[in-house]
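*Asks:* One structure is given below, represented as structure tokens, and several questions about it will come after.
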Amino acid sequence: MNPKSDERLFPFIPSHQNLPEWTLRALLLSVVLAVVFGAANAYLGLKIGMTVSASIPAAVMSMAILRIFFRNVSILENNLVQTSASAGESLIAGVVFVVPALFFLNLAPSFLIIFLMAAAGGILGVVMMVPLRHTLMITEHAVLPFPEGTACAEVLKTGERKAGEAGLVFKGMGIGALFNIVRSGLGLFPGSIEFSFRRLYNLTVGMELSSIMLGVGFLVGPSVAFTLFAGGILRGCVVLPATTWFLGPAADPVDIGLFVRMIGAGGVAMGGLISVVKVVPVMYQSFCAVIKEYAKSDAGESERTHRNLSPKILAFLVLFAVVLSFFSLPRLTVVFPVSYGVVIPVILLLILVTSFFFVAVSARMVGLIGTTSQPVSGMTISALLLVSVVLYFMGVRGHQGMALALCAGTIICVAICLSGDISQDLKTGALLGATPSRQQAAELAGVLVAALVAGAIVILFQRSGDLQRLPAPQAHLMADIVKAVMTGQVNWVPIGVGAGLALAVFACGASPLAFAIGLYLPVSTSCALIVGGFMRRYFDKNSASVSVEKCVLLASGLIAGEALVGVVLAGVALAGVSLSLGITPGLAAGSAISIAVYACMAAYFFRQSRKKVILQT
478 MNPKSDERLF PFIPSHQNLP EWTLRALLLS VVLAVVFGAA NAYLGLKIGM TVSASIPAAV
538 MSMAILRIFF RNVSILENNL VQTSASAGES LIAGVVFVVP ALFFLNLAPS FLIIFLMAAA
598 GGILGVVMMV PLRHTLMITE HAVLPFPEGT ACAEVLKTGE RKAGEAGLVF KGMGIGALFN
658 IVRSGLGLFP GSIEFSFRRL YNLTVGMELS SIMLGVGFLV GPSVAFTLFA GGILRGCVVL
718 PATTWFLGPA ADPVDIGLFV RMIGAGGVAM GGLISVVKVV PVMYQSFCAV IKEYAKSDAG
778 ESERTHRNLS PKILAFLVLF AVVLSFFSLP RLTVVFPVSY GVVIPVILLL ILVTSFFFVA
838 VSARMVGLIG TTSQPVSGMT ISALLLVSVV LYFMGVRGHQ GMALALCAGT IICVAICLSG
898 DISQDLKTGA LLGATPSRQQ AAELAGVLVA ALVAGAIVIL FQRSGDLQRL PAPQAHLMAD
958 IVKAVMTGQV NWVPIGVGAG LALAVFACGA SPLAFAIGLY LPVSTSCALI VGGFMRRYFD
1018 KNSASVSVEK CVLLASGLIA GEALVGVVLA GVALAGVSLS LGITPGLAAG SAISIAVYAC
1078 MAAYFFRQSR KKVILQT
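Heads up: the sequence shown is residues 478 to 1094, going by the numbering used here.
Here is the structure:
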């Protein structure tokens, strides 16, 4: 185990101090923000297949809004707002990644069915994080950085401290916000540079130029950043050319992309399996610690900052989620070799087991690399493949098999999306000294409200025709996968290749999951963390002349600024407004401008770290 794991976590608000936390004003504001961020992210997910985390933007907006109307607002109230709001928007992200696939296959679900699937997945995502909280947030405090969670905590703490530290965070926020406005809003330069060489079988190199990636790369550190970079380089320089050669240069680029994504999905599935097997002893210790905490809680001896929801409530919530899942699954109207009374219990069991598996993997993974790079699609693909194959061999095929698989996949996908976000929120709460049970209750409130909104948003897009016009890359991929399995045309070759690569990396002593994530993500994204990772390595080696604490604050601001503007721009896009100036530089000029602006931002980051400013507390 990493020697740093012996370091203890000392929360900002000690356990013996009680501040307002679960208040009506915080709850109402969180519901409003969950709806706003959820609607914006729904459009963003359908438009480009990606979403932005609302944790930091919600925290910033909470501080601004509550202090306009109220004088005495506690840091724990602001934390509860961002916890509930971000849980809600994560649920909607999970819904838009899979549910549109049902419409694409002419299996249009009703508003009620979408609500039941979303609520079931949301409840499972919240409940399954409870037994993992102690190990991931407390025991492995110094091992898992949880970049967005740490950044959110720093942003919230600036409201409780003097200008010395607040200035660093807000400087970073200003830089990140300005960078994203000029790049994504005004469109003055591209967000990434990427070069593909057709004569070399589509060999591809590139990097996303993003303030959020610079900040996340710094927070996760060099080890994870370098491993992801290696996976990205292998994808662009080996896997993509090899796939193009294997399928033939005349192959459809969509088929080539799907083949490469399936290799990444196989690697993520195997890397996730290895990661879970490796942490089984730690997870067992976590369960034991949770049981002891529950016993203390019943006796009234548990510390406030260690208090989870009671076992009885958790058991009821799991049962409730199973009931919701049961009513969300379509009824079988065709006679299959296996009876309905056997098929549904098997699917429900798969939902529970698969959800817990991927929730555990996601929670630990985002602790290492952050929610920004969480491969929700890869995990959902793996889950869909499992459910689809089980149904196929049970004889449940055709349209009804597709409907069952996609409904189960939606529930699992929502749980996966929530696990990444909730784990960051719980880390924020642990750093601030929040009460876990109150955070968990706020998350439940957020997901139930968002589940109502999710169905309305998807059906609105479908009825307006936007669902057919928008690319919705994830949903189209899910539909293709389920259709391929149910028609017996699934290609196991790329999945096996990805799993084999993950095993080879594990045999070499590197992290198979981090490598597989780099293999799955686009080349430009996988390589984007390397600059921040290099800077962190340099700063760690020169800590005598560089303040790493200052760099963490500045990096937190970079993440916060771009994330906040990302949500605002999504809302602007949803309103049908374009901020683009219509200036489109050529490839060479655009790349040069992007590199120059990014280099200036990195240089400013480096310069600020060397200033001898005494932080005030």
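In this text, a Cβ means the ideal position worked out from N, Cα and C, and glycines have one as well.
DSSP beta-bridge partners for S669?
*Replies:* What you label residue 669 is simply residue 192 of the sequence shown in a count that begins at 1. According to DSSP, which records beta bridges pairwise, S669 is partnered with E685.
*Asks:* Name the DSSP bridge partner or partners of F674?
*Replies:* Here residue 674 is taken as the residue at index 197 of the sequence shown, counted from 1. The partner list for F674 (beta bridge, DSSP) reads L680.
*Asks:* A628 to V537, Cα distance in whole Å?
*Replies:* Indexing the sequence shown from 1 puts residue 628 at position 151. Indexing the sequence shown from 1 puts residue 537 at position 60. Their Cα atoms are separated by approximately 12 Å.
*Asks:* Using the Cβ count rule (16 or more neighbours within 10 Å means buried), how would you classify V964?
*Replies:* Taking the sequence shown and counting its residues from 1, one reaches residue 964 at position 487. The sequence given here places Thr at residue 964; Val does not occur at that position. It is exposed - the Cβ of T964 has fewer than 16 other Cβ atoms within 10 Å.
*Asks:* Under three-state DSSP, which class holds N785?
*Replies:* Here the question's residue 785 lines up with position 308 in the sequence shown. Residue state, collapsed to three classes: coil.
*Asks:* Out of L584, S492, V508, point me to the one whose CA is closest to Q939's CA.
*Replies:* Residue mapping note: residue 939 aligns to position 462 of the sequence shown, counting from 1. Checking every option, the nearest Cα to that of Q939 belongs to L584.
*Asks:* Considering Cα atoms alone, identify which of G651, S567, F703 is closest to A1005.
*Replies:* Start at 1 with the first residue of the sequence shown, and residue 1005 comes out as number 528. Minimum Cα distance to A1005 is reached at F703.
*Asks:* Suppose you measure from the CA of I569 to the CA of L1046; what does that come to, to the nearest Å?
*Replies:* Against the sequence shown, residue 569 aligns to sequence position 92. Against the sequence shown, residue 1046 aligns to sequence position 569. Straight-line Cα distance between these residues: approximately 18 Å.
*Asks:* Return the CA-CA distance between A993 and L543, expressed in angstroms with no decimal places.
*Replies:* Within the sequence shown, numbered from 1, the residue matching residue 993 stands at position 516. Within the sequence shown, numbered from 1, the residue matching residue 543 stands at position 66. Roughly 42 Å between the two C-alpha positions.
*Asks:* Under three-state DSSP, which class holds A531?
*Replies:* In the sequence shown, the residue the question calls residue 531 occupies position 54. Correct three-state label for A531: coil.
*Asks:* Could you tell me which of T857, D1017, G598, G565 sits nearest to S805, measuring between CA atoms?
*Replies:* Walking along the sequence shown from the start, residue 805 turns up at place 328. The shortest Cα separation from S805 among T857, D1017, G598, G565 belongs to G598.
*Asks:* Return helix, strand or coil for A776, following the three-state DSSP convention.
*Replies:* Taking the sequence shown and counting its residues from 1, one reaches residue 776 at position 299. At A776, the pLDDT of 43 sits below 50, so the modelled position is not reliable and the matter cannot be decided from this model.
*Asks:* S1068 and I670 look like a contact to me (Cβ under 8 Å); what is the Cβ gap, rounded to whole Å?
*Replies:* By one-based count along the sequence shown, residue 1068 stands at place 591. By one-based count along the sequence shown, residue 670 stands at place 193. About 5 Å; that satisfies the 8 Å criterion.
*Asks:* Have a look at G662 and V550 and give me their C-alpha separation to the nearest angstrom.
*Replies:* Numbered from 1 along the sequence shown, position 185 holds the residue referred to as residue 662. Numbered from 1 along the sequence shown, position 73 holds the residue referred to as residue 550. Their Cα atoms are separated by approximately 33 Å.
*Asks:* Hey, is the stretch 510–522 in contact with the stretch 875–882, meaning 3+ C-beta pairs nearer than 8 Å?
*Replies:* Flag = no, the stretch 510–522 and the stretch 875–882 do not touch.
*Asks:* Q916: buried (16+ other C-beta within 10 angstroms of its C-beta) or exposed?
*Replies:* Position 439 of the sequence shown, counted from the first residue, corresponds to residue 916. Flag for Q916 reads buried.
*Asks:* For R712 and S941, which I take to be in contact (beta-carbon distance under 8 Å), what is that distance rounded to the nearest angstrom?
*Replies:* Walking along the sequence shown from the start, residue 712 turns up at place 235. Walking along the sequence shown from the start, residue 941 turns up at place 464. Contact flag wrong, Cβ pair sits at about 36 Å.
*Asks:* Considering only the alpha carbon of each residue, which of L506, R548, E566 lies closest to G932?
*Replies:* On the sequence shown, position 455 is the one that residue 932 refers to. It is E566 whose Cα lies nearest to the Cα of G932.
*Asks:* Where do the N-terminal and C-terminal ends of the alpha helix (DSSP H) with M614 fall, by residue?
*Replies:* As a first step, residue 614 is located in the sequence shown; it is residue number 137 there, counting from the start. Note, M614: premise wrong, no alpha helix (DSSP H); not H, not E.
*Asks:* Does F804 come out as helix, strand or coil in the three-state DSSP assignment?
*Replies:* As a working note, residue 804 is residue 327 in the sequence shown. F804 falls in the helix class under three-state DSSP.
*Asks:* Return the CA-CA distance between V632 and A956, expressed in angstroms with no decimal places.
*Replies:* Stepping through the sequence shown from its first residue, residue 632 is reached at position 155. Stepping through the sequence shown from its first residue, residue 956 is reached at position 479. Approximately 40 Å between the Cα atoms of the pair.
*Asks:* Apart from the five residues on each side of it in sequence, which residues of its chain come closer than 6 Å, Cβ to Cβ, to A919?
*Replies:* Numbered from its first residue, the sequence shown carries residue 919 at position 442. Same-chain partners within the cutoff: L557, T560, S561.
*Asks:* Can you say whether Q951 is buried or exposed, counting buried as having 16 or more other CB atoms within 10 angstroms of its CB?
*Replies:* Here residue 951 refers to the residue found at position 474 of the sequence shown. It counts as buried.
*Asks:* When the Cα atoms are used, what is the spatial distance from H493 to L504?
*Replies:* One-based indexing of the sequence shown puts residue 493 at position 16. One-based indexing of the sequence shown puts residue 504 at position 27. Distance between the alpha carbons of H493 and L504: 24 Å.
*Asks:* Assess, as a yes-or-no matter, whether the stretch 673–693 is touched by the stretch 976–991 under the definition of 3 or more beta carbon pairs within less than 8 Å.
*Replies:* Counting Cβ pairs under 8 Å, fewer than three are found: no touch.
*Asks:* At 4 residues or longer, and completely inside the stretch 907–937: list those alpha helix (DSSP H) runs for me, N to C.
*Replies:* Listed in chain order, there is nothing to give.
*Asks:* Return the chain-ordered list of same chain residues with a C-beta closer than 8 Å to the C-beta of I936, the five sequence neighbours on each side being excluded.
*Replies:* On the sequence shown, position 459 is the one that residue 936 refers to. Here the set comprises F588, I591.
*Asks:* What residues in its chain sit with their C-beta under 6 Å from that of A578, if we drop five residues either side in the sequence?
*Replies:* The residue you call residue 578 lines up with position 101 of the sequence shown. Excluding residues within five positions, the ones whose Cβ falls inside 6 Å are L883, A952, M955, A956.
*Asks:* Assuming Q1113 is part of the alpha helix (DSSP H), what are its boundary residues?
*Replies:* Shown here, the chain extends from 478 to 1094; a query on residue 1113 therefore has no answer.
*Asks:* Please confirm whether G1009 and A1032 have their CB atoms less than 9 Å apart.
*Replies:* If you number the sequence shown from 1, residue 1009 lands on position 532. If you number the sequence shown from 1, residue 1032 lands on position 555. Result yes, Cβ atoms of G1009 and A1032 sit closer than 9 Å.
*Asks:* Along the alpha helix (DSSP H) that carries Q559, what are the first and last residues, could you check?
*Replies:* Start at 1 with the first residue of the sequence shown, and residue 559 comes out as number 82. Start and end: 552–581.
*Asks:* Can you tell me whether S896 is buried or exposed? The criterion is at least 16 other CB atoms within 10 Å of its CB, across all chains shown.
*Replies:* Within the sequence shown, numbered from 1, the residue matching residue 896 stands at position 419. With 16 or more other Cβ atoms within 10 Å, it is buried.
*Asks:* Can you tell me whether L501 is buried or exposed? The criterion is at least 16 other CB atoms within 10 Å of its CB, across all chains shown.
*Replies:* In the sequence shown, residue 501 corresponds to position 24, counting from 1. Per the 10 Å Cβ criterion, exposed.
*Asks:* Alpha carbon to alpha carbon, what distance is there between I615 and A742?
*Replies:* Start at 1 with the first residue of the sequence shown, and residue 742 comes out as number 265. Start at 1 with the first residue of the sequence shown, and residue 615 comes out as number 138. Cα to Cα, A742 sits roughly 30 Å from I615.
*Asks:* Can you name, in chain order, every residue of its own chain whose Cβ lies under 8 Å from the Cβ of I552, other than the five neighbours on each side?
*Replies:* Reading the sequence shown from its first residue, position 75 is the one you call residue 552. The answer, listed in chain order, is F489, I490, L496, L633, K634, G636, E637, L909.
*Asks:* Could you compute how far the alpha carbon of V659 sits from the alpha carbon of A1080?
*Replies:* Within the sequence shown, residue 659 is the residue found at index 182, counting from 1. Within the sequence shown, residue 1080 is the residue found at index 603, counting from 1. Cα to Cα, V659 sits roughly 18 Å from A1080.
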